[in-house]
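First up is the structure itself, then whatever we jot down about it.
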Amino acid sequence: MASLLNIGLTGLSASQAYLNTTSHNIANAATPGFHRQTVTQEARDPQYSGGAFFGTGTGVTGVARSYSQLLEGQVLSADSRRAEYAAYSQFISQLDNVLADADTGLTPALNEFFGALQNVTSNPTNVAARQALLSSGDTLSARFRTLDGRISEIAEGVETEMRSTLESINGYAAAIAELNERMVISRTGGAGSAANDLLDQRDQAIAELNRLVKVSTVEQRDGSTSVFIGSGQSLVMGNRAKQLELGDQLDENGRSMITVRANSGVVEPLAESLVGGGTLGGLLAARREGTASAQRSLGLLATTLATEFNSQHALGLDLEGRLGGDFFRIGGVRVDPSDSGLSVRIDPGQVSSLTGSDYSLRYDGAAFQLTDLATGNAVPAAQMQLVTEADGSTTIRAQGLVFTGARSTLTEPAFVYPTRYTAGAIEVANRDPRAVAAAAPVLASPTRGDGSSLRIEQSGLLSRGSAAAGTELGLPALKYTFNAVDKRFELDAAAPGAAGWPATLAYDPATSAAGESFTLEGPGGVRLELKISGTPAANDVIALADNKGGVADNRNAALLGALQTDKLLFGSGGQATATLNNAYAQLVAKVGSKTREVQAGERTQTSLLDQAKASRDAVSGVNLDEEAANLVRFQQSYQAAAKVMGVAQRLFDEILAIAR
73 MASLLNIGLT GLSASQAYLN TTSHNIANAA TPGFHRQTVT QEARDPQYSG
123 GAFFGTGTGV TGVARSYSQL LEGQVLSADS RRAEYAAYSQ FISQLDNVLA
173 DADTGLTPAL NEFFGALQNV TSNPTNVAAR QALLSSGDTL SARFRTLDGR
223 ISEIAEGVET EMRSTLESIN GYAAAIAELN ERMVISRTGG AGSAANDLLD
273 QRDQAIAELN RLVKVSTVEQ RDGSTSVFIG SGQSLVMGNR AKQLELGDQL
323 DENGRSMITV RANSGVVEPL AESLVGGGTL GGLLAARREG TASAQRSLGL
373 LATTLATEFN SQHALGLDLE GRLGGDFFRI GGVRVDPSDS GLSVRIDPGQ
423 VSSLTGSDYS LRYDGAAFQL TDLATGNAVP AAQMQLVTEA DGSTTIRAQG
473 LVFTGARSTL TEPAFVYPTR YTAGAIEVAN RDPRAVAAAA PVLASPTRGD
523 GSSLRIEQSG LLSRGSAAAG TELGLPALKY TFNAVDKRFE LDAAAPGAAG
573 WPATLAYDPA TSAAGESFTL EGPGGVRLEL KISGTPAAND VIALADNKGG
623 VADNRNAALL GALQTDKLLF GSGGQATATL NNAYAQLVAK VGSKTREVQA
673 GERTQTSLLD QAKASRDAVS GVNLDEEAAN LVRFQQSYQA AAKVMGVAQR
723 LFDEILAIAR
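Each residue of the sequence shown is one higher than the one before, counting from 73 in this note's numbering.
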């Protein structure tokens, strides 16, 4: 009877274990990270009796959780990518809304500015029209600054979110380290078996951490899990966790660097390239590819507009007959560190070669290394023009910039930001409407003989040389007479101030009647442009002189207005390929395309995550209907085991009754 009683008791214990585990599953059906648990059992060793082996009941060997490392890995991968796209989308969408808005974007302000310039071209003596041009210039400058400020606000929002994310990462890392310690203790007290609920808690903490930054894990023999982020940077080792911070140290792009603080207190920078995935990866991408890129591109527009407009404005005359000054002010190129000994300026003749990138420049002992920070690629030496100056310094012309510095001071990299901060600093420099240089400084007039069809199609100033803004050009009266025999215009060298100017201008009516342009360079670096056409008669005269009293002249205003449709940016093969409006449209399209790409990626990863979760939950999830059926089944098993014990009790009572 004792064996029968023991068999019933083992069945009762096993059924009790099943009932407890099933109840535990039901209670935790909605617990995040919980994996369904099942009891494992096996038959006890049989006993030999009466020529046969008889069973002795059952024994519970443990409680296993339903877990598939493959399916869990698929969920973690999809969730990390989804979180990355979601964080990126949050901020790139804001950037897209700012740039693409039909009312607050740059295009309306550009059109208004050039519309006001057209009014000055139509009536160059109208002071009210000139004042309206200055006001629209202020509006355009303010729009640049507003857009730049809004981009900066989005960038600050990204950094604020990064700090919050890093704090959460540190919290989960500390929780995993604590769970590692508890896991080791539980394995010691559990004969090498880990507590399933602790495993679930740790896996859930790793899943939450993975949502913030992509992680990889390695199981250790003592039951702890080592956690690594990015390309192998350790975050949790045993019961010790490192801390991630957004420090005050800036990288070469002028952005706050992520640092790692070890348990010893040592702080080391963590390269962005070593971090990816999760919310943090999305925020880093938004900062790197979204706000910083947009700010540089907007600054490139502001730099091009201001430089080209100022250059043409400087070649005109205001209402007082003085050479024009700067219309816009944008400040200089920023160089860090400021004590590097390097000075950088925009090359006015190569504005279309500007790329909108930031650079680092250093001398490695053998050659200068100019690196594009946006791509990480070095600028080829063939694209750099080096000149050693008399003072021993070196001037480098490359990428639309002029770098000047000494080899000895550039052994450490100097970082150059040509356009990043321009849009936030642009403003109208001119406050006097009469100082708008709408007139051309050069007046060319022909004197024709009988039968002459000589025409002057264009005349103007290409370079004012040493003449300063606010002064008169001081061009001497030049007279060129056509020599029909030698087919050339000849300068009257006896005229005052004629010395130093070209003596002849070769012009053959047979081949040049459709029009031919000449560049005349005189003393002081003054250069004139003259385009003539037609068939001149013998002794026809072209007279060149200062445009004194030319207040109604609008030729320079027309050239300024042409900048709206001229191709000024994205030089390729020495030729610009985009207008100002085209360049802004490309910026809007680029951000909009990236926004749609990121949003599509988020939708795709969300779908993949749902599928991965469904596959995992089919294995690990708690099915309440199934558990309810198990309750009934194990209740019946419990009752049956109790019945066995009852039978053993009655049999024992019968034996006792016989003895009485």
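Glycine included, C-beta positions come from ideal geometry on N, C-alpha and C.
Source: prediction; values computed, not measured.
Helix or strand or just coil, what does DSSP make of Asn-702? In the three-state scheme derived from DSSP, where H, G and I count as helix and E and B as strand, Asn-702 is classed as helix.
Suppose you measure from the CA of Gly-594 to the CA of Gly-572; what does that come to, to the nearest Å? Going by C-alpha positions, Gly-594 is about 5 angstroms away from Gly-572.
Assuming Gly-413 and Leu-482 form a contact by the criterion Cβ under 8 angstroms, report the distance between their Cβ atoms to the nearest whole angstrom. Contact holds; Cβ gap of about 7 angstroms.
Residues bridged to Tyr-435 by DSSP? Note: Tyr-435 sits in a beta bridge opposite Phe-440.
Three or more C-beta pairs under 8 angstroms: does that hold for the stretch 466-480 against the stretch 492-511? Look at the beta carbons and you see the stretch 466-480 not touching the stretch 492-511: under three pairs across the two are nearer than 8 angstroms.
Identify the residues that DSSP records as bridge partners of Asn-555: which are they? Under DSSP, Asn-555 shares a beta bridge with Arg-560.
Using alpha carbons as the reference points, say which of Thr-379, His-107, Ser-328 lies closest to Gly-319. It is Ser-328 whose Cα lies nearest to the Cα of Gly-319.
Under 8 angstroms by Cβ, that's how I've got Arg-137 and Arg-108 pegged, so tell me the actual separation to the nearest angstrom. Confirmed, Cβ separation roughly 7 angstroms.
Just the Cα atoms here: how many angstroms apart are Leu-373 and Pro-196? Cα atoms of Leu-373 and Pro-196: separation of roughly 27 angstroms, rounded to the nearest angstrom.
Using only the alpha-carbon positions, how far apart do Leu-592 and Gly-388 sit? Just so you know, the alpha carbons of Leu-592 and Gly-388 end up roughly 17 angstroms apart.
Taking DSSP's pairing of strands, which residues face Ser-207 in a bridge? Looking at the DSSP assignment, Ser-207 forms no beta bridge with any residue, so it has no partner.
By how many angstroms is the C-alpha of Gly-569 removed from the C-alpha of Thr-519? For Thr-519 and Gly-569, the distance between alpha carbons rounds to 21 angstroms.
Skipping 5 residues on each side, what residues in its chain have a beta carbon closer than 6 angstroms to that of Ser-524? Correct list, in chain order: Pro-608, Ala-609, Asp-612.
Go through its chain and collect everything with a Cβ distance to Glu-344's Cβ below 6 angstroms, but skip five positions before and after it. Around Glu-344: Leu-356.
Report the three-state DSSP secondary structure of Thr-110 (helix, strand or coil). Correct three-state label for Thr-110: strand.
Compare the Cα-Cα distances from Val-670 to each of Ser-165, Leu-76, Tyr-139 and report the closest residue. Of the listed residues, the one whose Cα sits closest to Val-670 is Ser-165.
Curious, which full-length alpha helix (DSSP H) runs of at least 4 residues does the stretch 589-636 contain? If we require 4 residues or more, the alpha helix (DSSP H) runs fully inside the stretch 589-636 come out as 627-634.
Please classify Asp-220 as buried or exposed, where buried requires at least 16 other C-beta atoms within 10 Å of its C-beta. A residue is called buried once 16 or more other Cβ atoms fall within 10 Å of its Cβ, and Asp-220 is buried on that count.
Glu-380 classed as buried or exposed, judged by whether at least 16 other C-beta atoms fall within 10 angstroms: Burial call: buried.
Which term fits Glu-539, buried or exposed, when burial requires 16 or more other beta carbons within 10 angstroms of its beta carbon? Position check: residue 539 holds Ala in this sequence, whereas Glu was assumed. By the neighbour-count rule (16 or more Cβ atoms within 10 Å), Ala-539 is buried.
Short of 6 angstroms in beta carbon distance, which residues of its chain neighbour Asn-502, apart from the five on each side in sequence? Order them along the chain. If you ignore the 5 residues before and after Asn-502, its C-beta comes within less than 6 angstroms of the C-beta of Phe-399, all in its own chain and listed in chain order.
Which of the three DSSP states, helix, strand or coil, is assigned to Tyr-90? Helix.
If distances are taken between C-alpha atoms only, which option among Leu-703, Gln-647, Gly-532 comes closest to Leu-631? Ranking Leu-703, Gln-647, Gly-532 by CA distance to the CA of Leu-631 puts Gly-532 first.
Which of helix, strand or coil DSSP assigns to Gln-471: The answer is coil: DSSP assigns Gln-471 none of H, G, I, E or B.
Arg-520 in three-state terms, based on DSSP: Arg-520 falls in the coil class under three-state DSSP.
Count the C-beta pairs between the stretch 674-691 and the stretch 134-148 that are closer than 8 angstroms, then say yes if the count reaches three, no if not. These segments touch.
Would you call Ser-605 buried or exposed, if buried means 16 or more other Cβ atoms sit within 10 Å of its Cβ? With 16 or more other Cβ atoms within 10 Å, it is buried.
Looking at the unbroken alpha helix (DSSP H) that takes in Ser-687, where does it start and where does it end? The continuous alpha helix (DSSP H) containing Ser-687 extends over residues 652-692.
Tell me which residue opens and which closes the alpha helix (DSSP H) that Tyr-120 is part of. Element bounds for Tyr-120: not the alpha helix (DSSP H) but the beta strand (DSSP E), 119-121.
Run of the alpha helix (DSSP H) containing Ile-164, from where it starts to where it stops: First-last of the alpha helix (DSSP H) with Ile-164: 141-172.
If contact is defined by three or more beta carbon pairs under 8 angstroms, each pair taking one atom from either stretch, is the stretch 227-240 in contact with the stretch 420-432? The way I'd put it, the stretch 420-432 doesn't touch the stretch 227-240; fewer than three beta-carbon pairs between them come closer than 8 angstroms.
Beta-carbon proximity check, Ala-188 vs Ala-214, cutoff 8 angstroms: If you check the CB distance, Ala-188 and Ala-214 do not come in under 8 angstroms.
Can you tell me whether Lys-551 is buried or exposed, with buried defined as 16 or more other CB within 10 angstroms of its CB? Buried is the call here.
Taking Val-704 as the reference, give the member of Leu-77, Gln-88, Ala-690, Val-135 with the closest Cα. Nearest C-alpha to Val-704: Gln-88.
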